[in-house]
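Peer 1: Order-wise, the sequence lines are chains D and R. Under the working numbering, the first residue of the first sequence is numbered 1154, with each subsequent residue one higher. Under the working numbering, the first residue of the second sequence is numbered 738, with each subsequent residue one higher. Glycine included, C-beta positions come from ideal geometry on N, C-alpha and C.
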Amino acid sequence: MQRRVFLRSGAFALVTLGLSPSFLRRTAFAHELRLGARGKILIVLFQRGAADALNMVVPHGDADYYGLRPTIAIPRPGARTESALDLDGFFGLHPALAPLRPFWERGMLAPIHAVGSPSATRSHFDAQDYMESGTPDLKSTPDGWLNRYLAARGTCAECDAKTPTPFRAVTMTEQTPRILTGPAPVIAMSSVDDFTIRASGSDVERLEALYRTGRADIIHGAGAETFDAVKMLRAANPQQYRPEHGAGYPRSQFGQRLMQIAQLIKADVGLEVGFADVGGWDTHVNQGGATGQLANRLSDFAAAVAALTTDLGDRMGDVVILTMTEFGRMARQNGNGGTDHGHAGAMFLLGGAVKGGKVYGRWPGLAREQLYEGRDLALTTDFRSVFAEVAREHLGAGDTSSLFPRFSPGERLGLL
Amino acid sequence: MLSLRTVPVVAAVVGLACAPTTARDIARPSEPAAAVEAREQTADQQVRHVLNRLAFGARPGDAERVRGMGVDQWIAMQLEPSRIRDTVGERLAAGLPTLAMSSPDLLTRYPPPQVVRAQMRRADMSAADSAEVRRSAQESRRVLAEMQIAKVARAVASERQLEEVMVDFWENHFTVFAGKGPERYFIAAYEREAIRPHALGKFRDLLGAVAKSPAMLFYLDNWQSAVEEGRPTADAQRRVARRRGVRPAPRAPAQSAVRNPPYRRRGLNENYARELLELHTLGVDGGYTQQDIVNVARAFTGWTLEQPRRSGGFVFRPAMHDAGEKTVLGQRLGAGRGIEDGEQVLDIVASHPSTARFIATKLARRFVNDDPPASLVDRAAATFLRTSGDIREVVRTIVTSEEFFSSAAYRAKVKSPFELVVSAMRAMNAALDMTPRSAQVVARLGQPLFLHQAPNGWPERGDAWINTGAILNRINFGLALAGGAIPGARPDRWPRFAELDRAERPAQVDGVIAGFLGGEASVETRKILEAGVNPLARDCGTPSDCGTTAPEPAVMDDGMAPVRGRGRDPLSRPQNLDGLREIIGLALGAPEFQRR
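1. Which term fits D:H1398, buried or exposed, when burial requires 16 or more other beta carbons within 10 angstroms of its beta carbon?
2. Enumerate, from N- to C-terminal direction, the unbroken alpha helix (DSSP H) stretches of 4 or more residues contained entirely within the region 1182 to 1250 of chain D.
3. Take every Cβ of the region 920 to 935 of chain R, pair it with every Cβ of the region 877 to 887 of chain R, and state whether three or more of those distances are shorter than 8 Å.
4. What residues from chain D crowd round R:Q1312, counting only those whose CB sits closer than 7 Å?
5. For a contact meaning CB atoms closer than 9 Å, what does D:P1579 contact in chain R?
6. Are the region 1015 to 1031 of chain R and the region 1040 to 1056 of chain R in contact at 8 Å, needing three or more beta carbon pairs?
7. Given a cut-off of 8 Å, decide if R:F1330 and R:F1253 are closer than it, judged by their beta-carbon atoms.
8. Where does R:L1325 fall in DSSP's three states?
9. What's the C-alpha gap between R:E1043 and D:R1537?
10. Shorter than 8 Å from the beta carbon of D:P1338 to some beta carbon of chain R?
11. In three-state DSSP terms, what is D:G1470?
12. Any C-beta of chain R sitting closer than 8 Å to the C-beta of D:P1558?
13. Residues in the same chain with beta-carbon distance under 7 Å from R:E777, minus the five sequence neighbours each way, listed in chain order, please.
14. So which of R:A936, R:E869 and R:Q810 has the shortest CA-CA distance to R:G1126?
15. Chain R partners of D:Q1328, CB-CB under 8 Å?
16. Measuring straight from C-alpha to C-alpha, what distance separates R:G1020 and R:A1191?
17. Give the C-beta separation of R:N1368 and R:F1037 to the nearest angstrom, bearing in mind that I take them to be a contact with Cβ-Cβ under 8 Å.
18. With a 10 Å radius around its C-beta and 16 neighbouring C-beta atoms as the bar for buried, classify D:E1361 as buried or exposed.
19. Please classify D:M1154: does DSSP put it in a helix, a strand, or coil?
20. What does R:T1205 reach in chain D if we use C-beta pairs closer than 7 Å?
21. Do R:Q815 and R:L943 have their beta-carbon atoms positioned less than 8 Å apart in this structure?
22. Where do the N-terminal and C-terminal ends of the alpha helix (DSSP H) with D:F1557 fall, by residue?
23. On a CA-only basis, which of R:D799, R:R822 and R:F940 is nearest R:T1092? Give me that one, please.
24. For chain D, find out if any of its Cβ atoms is closer than 8 Å to the Cβ of R:V1151; answer yes or no.
25. Look at D:I1350 and D:V1323 and say whether their C-beta atoms are less than 8 Å apart.
26. In angstroms, rounded to a whole number, what distance separates the CA positions of R:L1013 and D:Q1446?
27. Grab me the residues of R:P1232's own chain with a C-beta within less than 7 Å of its C-beta, minus the 5 sequence neighbours each way, in chain order.
28. Which residue wins for smallest C-alpha separation from R:L1325, given the options D:D1356, D:S1270 and D:T1288?
29. To the nearest angstrom, report how far apart R:V1131 and R:R1094 are at their CA atoms.
30. Quick check: the region 1527 to 1534 of chain D against the region 1488 to 1505 of chain D, are at least 3 beta-carbon pairs closer than 8 Å?
31. Are the CB atoms of D:L1556 and D:G1287 nearer to each other than 8 Å?
32. Have a look at D:A1190 and D:V1422 and give me their C-alpha separation to the nearest angstrom.
33. So is the beta-carbon of R:A1145 under 7 Å away from any non-hydrogen atom of the ligand NAP?
34. With 8 Å as the threshold, decide whether the Cβ of D:R1331 is near any Cβ in chain R.
35. Please specify which runs of the beta strand (DSSP E), each continuous and at least 3 residues long, are wholly inside the region 1180 to 1207 of chain R, giving them in chain order.
36. Can you say whether R:E1007 is buried or exposed, counting buried as having 16 or more other CB atoms within 10 angstroms of its CB?
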């Protein structure tokens, strides 16, 4: 009650202070706006460190696979030990990805193989940079492609009618990642708990008053929006969150971050783009096979993604989860029971509108002459084709040429 | 507390609100008598202005010192850092041993975990091996952490403030990303040997030092840029020359490495060439073509590293160099040359009028305004050309100009997270923080030091730093600092703390505004700090409605579950401040403190 009083009288004071009506509208009433219509949501998950595509989505039907990986290959489906979960008679999921299998069966999960960046780089940094900027081999691109998408959609005429929510793009990371860097506002938070003013109630009000009075400049404007956003999140009461439909998130940081993305979605704060990343994929040594190091990473990854999907339930009709990794790993295992940096990799697309139940991408084969530079899985799908299709078909971006300059997506993959 | 004061305060604010100009009115202290050259800014403003622009904000006593010496005198002194006695370097060296080490020594002493793993060379690592890899990974993080600690500490404590501002400026202009492969082993030498010695020197010297630095050669991949198949190399030219009995030009060292080159031959890499023109010198509209980029890249083929993964230094390899003829920005580079090609390109771009304008604009943006006046940029660019790129003279032109001391420039810049944290610590009279804590806070506010990925560096404009999440974190930072969460910067370090701690609230507010907001706060800010309560909330039925009597919860919870405080992140810790600490926390979180 008191806050309302504050706002009303605060607004009155601002009028008499001669601030512009639009500034006033933004600051005083923004939090009362509810974004009623549920829009489309994209959740991007980055596996940083180059996840081993060949053991994630296993080409058990390719005769060369087992020759290249004598001790770390995932056994053929039906083998007596833990083995690949068959998808289509040729590909199978790593057994640790079992939590995702039901979504394949329901036609919601679409793995994409031999996909990635056309850049020849095998540097984690460069490859992540290119995947996030959306401009392979061009370093000077200042912004990320997801932010370019937000900015293009954000310069809207309807902004006068509908104040955009501050939670339109949220990254569950400490810093804004490259993919979301750019002119459109993005909130970075390591947890929903962190999105609060760490002061007593009366100090919070004093701080709010400091930002709602004085000059009508960018700092005051952003400050007023900050307090609106804090209130908006509090009204949504994410602290009382209980996952639904029996979803069980892993206790890992990644699992907890995905749970908080679900919280924000269900709080209807207007989330349109969510981002999280997870490391531990750079398996040069002792990567393991059906069990071991990589299996443990995949198990956490799959459990978290499956929990998110389960938890969102019917909402998955409007949600697409897109996973990516900067490149794949060498086809042949190395001398340390691991794999070194490679070229093409694999992605997952998961959602109610996804035409799943099919592995996308042309398979280039693993025979020596079929490998990229004689050693790595060759690339048959440019990652930008996938991103552009998601932006177009799911988010409704009309023209993707500004998202991916100098790139023509080519034939439609038909993912959505 | 203070509930009874609410009504008169509100009356005052509402009354003020009726006057049309009130919103921009600033409460100013009286002018001192000190004679400073007549400028648009008042004498007091000039003092604060130079401390906010040529330094990272005022420490207690700084304003008096600058006023006593005279603003112009102080500027002249800061432009000659070598004449200023400063011991911060020695003080840091004692606690941060990596700062003085060479890159190869760093690599030997703090090897990256993959090297440690590779040395084990086993199919199955034991638990002890894994522990060793983990330990070495932790140790190797010191290399970057100590640079981050030192960067904050120098900015806080160095007497050579302008030098630190310029080092920060050039490190951002010539940015590298410490997270790329072994890059972190190169950055200590980069700052020590390429950036700092030339921060106020000749631009050409700076550019050359950067071009040959392992940090830049590795970051922008020039080390692996090689002549395209089928073109003549400098090595081949030499053999031809020898057959004809011509004495070959002296060779670069490391002949053995030439026979067995450690690079993967992939041909030309244009990354460095492109950024050299676009970001380091001419600027994106500087008048170059894609063909210029290709030819600049060809000129720099062979500028490489001796064993980059082992942190070897710069070497020119004739076998990698494209010795064909090239034209760069209309100037011909003859065939059959070697390292001179790159040197000549640096000469051309360092003296180019577009470079003069680009650097002048960027410096004026840093020191004066996000959109600096064209008149000033013209003069600064003219100085650049007249003095053959003497950075000190370009900076002097800018910081002694009428435009610099204009009202429009005053408090016009938004602080970057680094500037925010450092200026707060300086205002607090902080001791050197030899822990990574304050650098971590800078990262938390969105500016992890030495970790900007893209080659364009951190934004120089204010709007890029200000958004919803940023303000929240900035406010929490102010609260955390006032709550004593940053080592060495507890509020009782502030010299006036003891004296004001028991004073009446108005005196405390005056003291805090003088100490932390440069004596300037809007009328509203002063009222809000003084009242200790929201002056706009007029309709409280009972005192408790105004939040004035009930004991405050530890965090703003309003029925929400208590927020768990996490030990490592000071910004996540709830701060229940009162008295003078509260006023300091509010002032640091206020809009006024976000500007410089």
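Peer 2: In terms of the structure at hand:
1. The residue in question, D:H1398, is exposed, as its Cβ has fewer than 16 Cβ neighbours within 10 Å.
2. Those alpha helix (DSSP H) runs which fall completely within the region 1182 to 1250 of chain D and span 4+ residues are 1206 to 1209 and 1216 to 1221.
3. The region 920 to 935 of chain R is in contact with the region 877 to 887 of chain R.
4. Chain D residues near R:Q1312: R1351 and A1352.
5. Nothing in the structure corresponds to residue 1579 of chain D, since chain D is present only between 1154 and 1569.
6. With a cut-off of 8 Å, the region 1040 to 1056 of chain R and the region 1015 to 1031 of chain R do not count as touching, because too few Cβ pairs lie within range.
7. Yes.
8. Secondary structure at R:L1325: helix, using DSSP grouped into helix, strand and coil.
9. Their backbone Cα atoms lie some 36 Å apart in a straight line.
10. Judged by the 8 Å Cβ criterion, D:P1338 is in contact with chain R.
11. In the structure shown, D:G1470 sits in a helix (DSSP, three-state: H, G or I).
12. Among the CB atoms of chain R, none fall inside 8 Å of the CB of D:P1558.
13. Contacts found: F1142, S1143 and S1144.
14. Its Cα nearest to that of R:G1126, the residue R:A936 stands out among R:A936, R:E869 and R:Q810.
15. In chain order, A1180, G1183 and P1185 make up the part of chain R whose C-beta sits under 8 Å from the C-beta of D:Q1328.
16. The alpha-carbon separation between R:G1020 and R:A1191 amounts to approximately 16 Å.
17. Residue 1368 of chain R falls outside the range modelled here, since chain R spans only 738 to 1333, and no answer is possible.
18. Its Cβ being crowded by 16 or more others within 10 Å, D:E1361 is buried.
19. Confidence is the limiting factor: at D:M1154 the pLDDT is only 28, short of 50, which leaves the residue's position unreliable and the question unanswerable from this model.
20. By Cβ distance, chain D contributes P1319, P1338, I1340, A1375, E1378, T1379 and A1382.
21. With contacts defined as CB atoms closer than 8 Å, R:L943 and R:Q815 fail to qualify as a contacting pair.
22. Here D:F1557 belongs to no alpha helix (DSSP H), and DSSP marks it neither H nor E.
23. For the residues R:D799, R:R822 and R:F940, the minimum Cα distance to R:T1092 belongs to R:F940.
24. Cβ-Cβ to chain D under 8 Å: yes for R:V1151.
25. Not in contact: D:I1350 and D:V1323 (Cβ atoms no closer than 8 Å).
26. Approximately 42 Å between the Cα atoms of the pair.
27. Same-chain partners within the cutoff: P797 and N1166.
28. If you compare the alpha carbons of D:D1356, D:S1270 and D:T1288 with that of R:L1325, the shortest gap goes to D:D1356.
29. Approximately 11 Å, taken between the alpha carbons.
30. A contact exists between the region 1488 to 1505 of chain D and the region 1527 to 1534 of chain D.
31. Between D:L1556 and D:G1287, the gap from beta carbon to beta carbon is short of 8 Å.
32. Low confidence applies here, because D:A1190 scores a pLDDT of 37, under 50, leaving its location unreliable; read the following figure in that light. Those two C-alpha atoms are separated by around 11 Å.
33. As far as ligands go, the structure on display features none, and thus does not contain the ligand NAP.
34. Under the Cβ distance rule, D:R1331 counts among the residues neighbouring chain R, one pair being separated by less than 8 Å.
35. As far as the region 1180 to 1207 of chain R is concerned, it has no whole beta strand (DSSP E) run of at least 3 residues.
36. It counts as buried.
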